[in-house]
Amino acid sequence: MILSAMRTCSISGFHTHLPKSSGSVSSRKRFSSTALSLITQTISPFAHPRSSVIVSSLLSPSDIPQKSEEWFALRKDKLTTSTFSTALGFWKGNRRAELWHEKVYDSDARVVEESARFAMNWGVQMESSAIERYKRIMGCEVGTMGFAIHSNEEFHWLGASPDGILDCFGILEVKCPYNKGKTETVLPWKKVPYYYMPQLQGQMEIMDREWVNLYCWTRNGSTVFRVMRDRSYWRIIHDVLREFWWESVIPAREALLLGKEDEEVKKYEPTSTHKRTKLAIAKSLNLAAESKLVCREIADHVEFF
Numbered sequence: 035m036i037l038s039a040m041r042t043c044s045i046s047g048f049h050t051h052l053p054k055s056s057g058s059v060s061s062r063k064r065f066s067s068t069a070l071s072l073i074t075q076t077i078s079p080f081a082h083p084r085s086s087v088i089v090s091s092l093l094s095p096s097d098i099p100q101k102s103e104e105w106f107a108l109r110k111d112k113l114t115t116s117t118f119s120t121a122l123g124f125w126k127g128n129r130r131a132e133l134w135h136e137k138v139y140d141s142d143a144r145v146v147e148e149s150a151r152f153a154m155n156w157g158v159q160m161e162s163s164a165i166e167r168y169k170r171i172m173g174c175e176v177g178t179m180g181f182a183i184h185s186n187e188e189f190h191w192l193g194a195s196p197d198g199i200l201d202c203f204g205i206l207e208v209k210c211p212y213n214k215g216k217t218e219t220v221l222p223w224k225k226v227p228y229y230y231m232p233q234l235q236g237q238m239e240i241m242d243r244e245w246v247n248l249y250c251w252t253r254n255g256s257t258v259f260r261v262m263r264d265r266s267y268w269r270i271i272h273d274v275l276r277e278f279w280w281e282s283v284i285p286a287r288e289a290l291l292l293g294k295e296d297e298e299v300k301k302y303e304p305t306s307t308h309k310r311t312k313l314a315i316a317k318s319l320n321l322a323a324e325s326k327l328v329c330r331e332i333a334d335h336v337e338f339f
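So the sequence shown is numbered by the numbering used here: it starts at 35 and just counts up by one.
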């Protein structure tokens, strides 16, 4: 039995008192940091692979510290928003098949290229400093949480690890561009990269929130973009994600657990793209173009729009 955040955005891992927003939010539910629902799950060996760490039933996933053993164990059992663009087939090459292999064979770590690993390490290293900078620029507090699971049990195979929780039903997502190691020359984005849209829209769906502030931090300045929730976009990508999980990952896990040969297991390996990949990319490009620049900071000069 685990504790899971209610669909009313009740998140027990929200460890800060946020300032009241000056604006009103129509037709949205009041945020409550205390209400929790107690959800009993029946664990299937096919839907939930074995993990080296058993998550304590006394902790909500939102209370589990990010990057902890328990956090990594939770992520193994879920398709997480940071991998949505890969599962959708946004990238060339074998990245979709590699993600499938990771989820089927319960890999301890993803096999990534050296350049990608350096970029991820840079993002992790600079995230705390970036969040502090965001707080100073925007004049607000940022709440924290560990891991979010969709409150609808039908979608418990989806998960998210937001960088921050914002007042008035918002999420903070931080990106620190690595620029192939040339971090001293990189400038903050002028527009939202389309390939982050699956992650951002996925976070809003899983956490039932209405917007994300995407914060691009660099050594030379930063930008904040407001990305709004689009439910029609979610309907497009959900079908592809569902097929990836339930028609490729889960049957392959079942075959593996039944002792089938690798050839039988690999029959479920997905193709590099899906028939709806182009549609998802086109919609992502549109939403990225529609996202508003909220703030730009260059050489300590801050400008709001």
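Where a beta carbon is used, it is the ideal one built from N, C-alpha and C, also for glycine. As the structure is a prediction and not an experimental result, all values here were calculated from the model.
DSSP places residue 299 in the helix class (H, G or I) of the three-state scheme. One thing to note: residue 174 has its Cβ no nearer than 8 Å to the Cβ of residue 209. Of 332, 290, 123, the smallest CA-CA separation from residue 298 is found for 290. Taking residue 339 as the centre and dropping the five residues before and after it, the same chain places the C-beta of 326, 327, 328, 329, 330 closer than 8 Å to its C-beta, in chain order.
The criterion of a C-beta distance shorter than 8 Å is not satisfied by residue 108 and residue 121. Relative to the Cα of residue 255, the nearest Cα in the group 211, 324, 179, 281 belongs to 211.
Beta-bridge pairing by DSSP links residue 335 to 332.
The criterion of a C-beta distance shorter than 8 Å is satisfied by residue 240 and residue 115.
Bounds of the beta strand (DSSP E) holding residue 248 are 245 to 252.
Using a C-beta cut-off of 8 Å, the stretch 189 to 205 makes no contact with the stretch 124 to 138, since fewer than three inter-stretch Cβ pairs fall below that distance.
Counted as a single uninterrupted DSSP element, the alpha helix (DSSP H) harbouring residue 138 occupies residues 129 to 138. In the three-state reduction of the DSSP assignment, residue 122 falls in the coil class. Burial of residue 119 is indicated by the presence of at least 16 other C-beta atoms within 10 angstroms of its C-beta. Here residue 184 is buried. Its C-beta has 16 or more other C-beta atoms within 10 Å. Per DSSP, residue 260 lies in no alpha helix (DSSP H); the unbroken beta strand (DSSP E) holding it starts and ends at 255 to 262. Residue 206 is positioned such that its CB atom lies closer than 8 Å to that of residue 176.
Of the other Cβ atoms in all chains shown, fewer than 16 fall within 10 Å of the Cβ of residue 269; this residue is therefore exposed.
Every beta strand (DSSP E) of 3 residues or more that sits fully in the stretch 174 to 245 is shown, in chain order, as 192 to 194, 198 to 200, 204 to 209.
Per DSSP, residue 304 is not a residue of any alpha helix (DSSP H), being assigned neither H nor E. A distance below 8 Å separates the beta carbons of residue 228 and residue 322.
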